[in-house]
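Novice: Quick note, the sequences are listed as chains S and Z, same order. Note that our numbering gives residue 269 to position 269 of the first sequence, counting from 1, and the numbers run on in steps of one. Count along the second sequence from 1, then add 1000; that gives the number in our numbering. Before anything else, here's the structure in question.
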Amino acid sequence: MSTSPIETNLQVPGTRRPKRGVPEGLWQRCPGCQQTIFRKQAERALGVCPECDYHWYVSARDRIAQVLDEGTFEEWDAGLMPADPLGFVDKSAYAEKLKNEQSRTGLNEAAVVGTGMIRARRVAFGVTDSAFIMGSMGSVVGEKLTRLTERATADRLPLIIISASGGGARMHEGILSLMQMAKVSAALARYDAAGGLFISVLTNPTMGGVAASFASLGDIIFAEPKALIGFAGPRTIQATIRIELPKGFQTSEFLLEHGYIDRIVRRCDLKSEIARSIDYCGKMPR
Amino acid sequence: MPVANHRFGFERPISELEAQVQTLEASPSDDAEAREELRRVKRDLADTKRRVYSNLAPWETVQVARHPERPMTTDYLNLVFDEFVELHGDKFFGDDRAMRTGFAKIDGYKVMVIGHQKGKTTKERIACYHGCAHPEGYRKALAKMKLAAKYQLPVICFIDTPGAYPGIGAEERGQAQVIAQNMFEMSRLPTPIICIVIGEGGSGGALGIGVGDKVAMLEHAYYSVISPEGCAGILWKSSTYAEQAAAALKMTSKHLLGLGVVDDVIEEPLGGAHRDHHQMAARMKMYLVKCLKELVGQKSQTLVDKRYDKFRQMGVFLEAAMAEGTEA
């Protein structure tokens, strides 16, 4: 790498030059507008850029705090841990990758599920975290969401799943990841037959096998503004059709225009909007 | 003199012997020695086919699964079924040529056949995007399956696709949504469903018609969460590592049987299905009739319950004993 004085002044993402006198993490560059934002101000806005309304990444834990009533969350199936059924090795071993992701994120897996209250309404609640191997769905994510759906069916609870899964079905667990799509979808079909209300919330990013299974099966589908949502990745599409993709392709707004989501909901309104929809649909019939 | 005509490196010894057989057969001789020679070469050929095809590397399996002369859905429609009445269109947007659907008869059973079609000629391949279906294809498939269920016709799905089509129109018309919807509805469709991966089982595009009471695959087919090229591009940062990715993904019939994802593997003729369409079709027919005998007549609720349980147990994970509600 060249070390010319001009290049060292360029800001390479992730390798920011430390500034003297400014505490680490006080400011953050917005991925949307590239402006430097006072972090506290964005955090007060639930991780939304005050300048451009870009919805930043939210961890599963923060999402739980944002959407559920304080202290009401009770986690289910926290003991489910990923295995390495294929003995998968690419440039590094999957088993190693799992350990690294677990220590980096503090999560066992890419999904956290359980129950809690939304404005005093009990719900079954699941969320995926895009920081853990792109929020991709392997056996554990599939199993957690399936159990969540089955329990929502048995306990007659509304089901809320917030997706942040750019990775789709997880490659490292091969065909077993693909089968999770069928497994969760089958559980949702039973839940549907029992009269359950499933609200699916799509956030940036929701792609591939996650978009092509539970995330698209909501009775009501919400999306955060400007999220990337789609089946095939934009690079794959570009490589296949070799023409420039239209502006705003595969965004929440694009999906709303084409009729695949019910509402675009800003993060600060998410809790109220979910509660309101639950009230319209009422209790599950017996 | 016939030339050794082989498509893949690993087939070279087979095609060389095939060329020898042709040469010997082209000049028939009463000479006992010549006849003995022909017998010897033929024996050799069979041994070589057996040796090569029982030891295919995962990447070689992918190549065989993509062989352009491999029997496709239309070949099975011609060779296995007594009749095929094509039903076109999704009654919403169009008629996807990458998905063929219609009534068919097999051994006295009336069924609904759904199948990906890759195309035989360049023109046909372009018309059906090399077997990559669009949302209208999946919508059509589901509509015909629902029709079948209404009249208690069993559904037979032939899976043979590199994947659902990645394009602007496909995204605009809800590719993700239709695949999800198909799995959702297939999981509770009140009629028998038999799914067979005949060539390429490419990801969501395959699974979109792949939820059934019986899921089988041909010996040299593959079924995978992603194409080896796609996986290599993402994890190895270059599609030239497709060979390594094919091995890592464990996508061959033997592995899938071991993982409990497919119920049965249908053996191919010696040297692969592309060498003998008729024998392959005969085995296909035998398998389908066996499944139909087993499934037809079962209560639809029993079928649907068993289908649920079958997919319910898929996946491998560890479970630590943990009291309810504690944090990990």
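Glycine included, C-beta positions come from ideal geometry on N, C-alpha and C.
1. Between L1259(Z), S1187(Z), V1085(Z), which has its C-alpha nearest K1110(Z)'s C-alpha?
2. With a cut-off of 8 Å on the beta carbons, I'd call H1116(Z) and T1048(Z) a contact; round off their distance for me.
3. Return the first residue and the last residue of the alpha helix (DSSP H) that G126(S) is part of.
4. Determine the DSSP secondary structure at P1192(Z), reduced to helix, strand or coil.
5. Below 9 Å on C-beta distance, what does R1051(Z) contact in chain S?
6. Considering only the alpha carbon of each residue, which of L1153(Z), F1093(Z), A1320(Z), L1087(Z) lies closest to H1134(Z)?
7. Counting only Cβ pairs nearer than 8 Å, list the residues of chain Z close to F231(S).
8. Counting only Cβ pairs nearer than 9 Å, list the residues of chain Z close to L245(S).
9. Does the beta carbon of E1243(Z) sit closer than 7 Å to a beta carbon anywhere in chain S?
10. Can you tell me which of E1018(Z), L1295(Z), L1303(Z), M1186(Z) puts its alpha carbon nearest to the alpha carbon of R1039(Z)?
11. Give the residues from the stretch 77-96 of chain S that approach chain Z closer than 7 Å (Cβ to any Cβ), ordered along the chain.
12. Use the C-beta contact count for F231(S): other C-beta atoms within 10 angstroms, 16 or more gives buried, fewer gives exposed.
13. Helix, strand or coil for P1135(Z) per DSSP?
14. To the nearest angstrom, report how far apart E1200(Z) and E1185(Z) are at their CA atoms.
15. Check whether the Cβ of A1247(Z) sits closer than 6 Å to any heavy atom of the ligand MN, and report yes or no.
16. Would you kindly work out how many angstroms separate the C-alpha atoms of A1141(Z) and I1114(Z), rounded to a whole number?
17. Go ahead and pull the three-state DSSP assignment for P31(S).
18. Mind checking if Y1308(Z) is an interface residue toward chain B, Cβ cutoff 7 Å exclusive?
19. Between E143(S) and chain Z, is the shortest Cβ-Cβ distance under 7 Å, so that the two count as touching?
20. Any Cβ of chain S within less than 7 Å of the Cβ of R1097(Z)?
21. Give me the residue from K1310(Z), H1278(Z), C1291(Z) with the minimum Cα distance to N1078(Z).
22. Buried or exposed, going by whether 16 or more other CB atoms sit within 10 Å of the CB of G166(S)?
23. State yes or no: is the beta carbon of K1250(Z) nearer than 7 Å to at least one beta carbon in chain S?
24. So for W56(S), helix, strand or coil by DSSP?
25. Where does the unbroken beta strand (DSSP E) through A131(S) begin, and where does it stop?
26. Nearest CA to the CA of S200(S): which residue from A194(S), A212(S), A193(S)?
27. Name the chain S residues whose beta carbon is nearer than 8 Å to that of S1224(Z)?
28. Helix, strand or coil for G14(S), going by three-state DSSP, please let me know.
29. Going by C-alpha distance, which of R1307(Z), R1012(Z), A1104(Z) is nearest E1288(Z)?
30. Does the beta carbon of G1131(Z) sit closer than 7 Å to a beta carbon anywhere in chain S?
31. List, in order along the chain, the chain Z residues whose C-beta lies closer than 8 Å to that of T236(S)?
32. Rounded to whole angstroms, what is the Cα-Cα separation between A93(S) and K99(S)?
33. Are L1207(Z) and L178(S) closer than 7 Å when you measure CB to CB?
34. Spell out whether any CB of chain S is found under 7 Å from the CB atom of A1320(Z).
35. Exposed or buried, T1191(Z), counting other C-beta atoms within 10 Å across all chains shown (16 or more means buried)?
36. In angstroms, rounded to a whole number, what distance separates the CA positions of A1057(Z) and T203(S)?
Specialist: This is what the structure holds:
1. V1085(Z)
2. About 32 Å; that fails the 8 Å criterion.
3. Element bounds for G126(S): not the alpha helix (DSSP H) but the beta strand (DSSP E), 121-128.
4. coil
5. The contacting residues do not exist; R1051(Z) stays about 27 Å from chain S at best.
6. F1093(Z)
7. A1164, P1166, A1170, E1171, Q1175, A1176, I1179, G1204
8. I1168
9. no
10. E1018(Z)
11. A78, G79, L80, M81, P82, A83, P85, L86, F88, V89, D90, K91
12. buried
13. helix
14. 23 Å
15. Because no ligand of any kind appears in the structure shown, any question about the ligand MN cannot be addressed here.
16. 6 Å
17. coil
18. The structure shown contains no chain B; its protein chains are S and Z.
19. yes
20. no
21. H1278(Z)
22. buried
23. yes
24. coil
25. No beta strand (DSSP E) contains A131(S), which DSSP labels as neither H nor E.
26. A212(S)
27. G174, I175, L178
28. Note that G14(S) has pLDDT 47, beneath the 50 cutoff, so the model's placement of it is unreliable and no number is given.
29. Correcting the residue type first, residue 1288(Z) is Leu in the shown sequence and not Glu. It is A1104(Z).
30. no
31. P1166, G1230
32. 10 Å
33. yes
34. yes
35. buried
36. 40 Å
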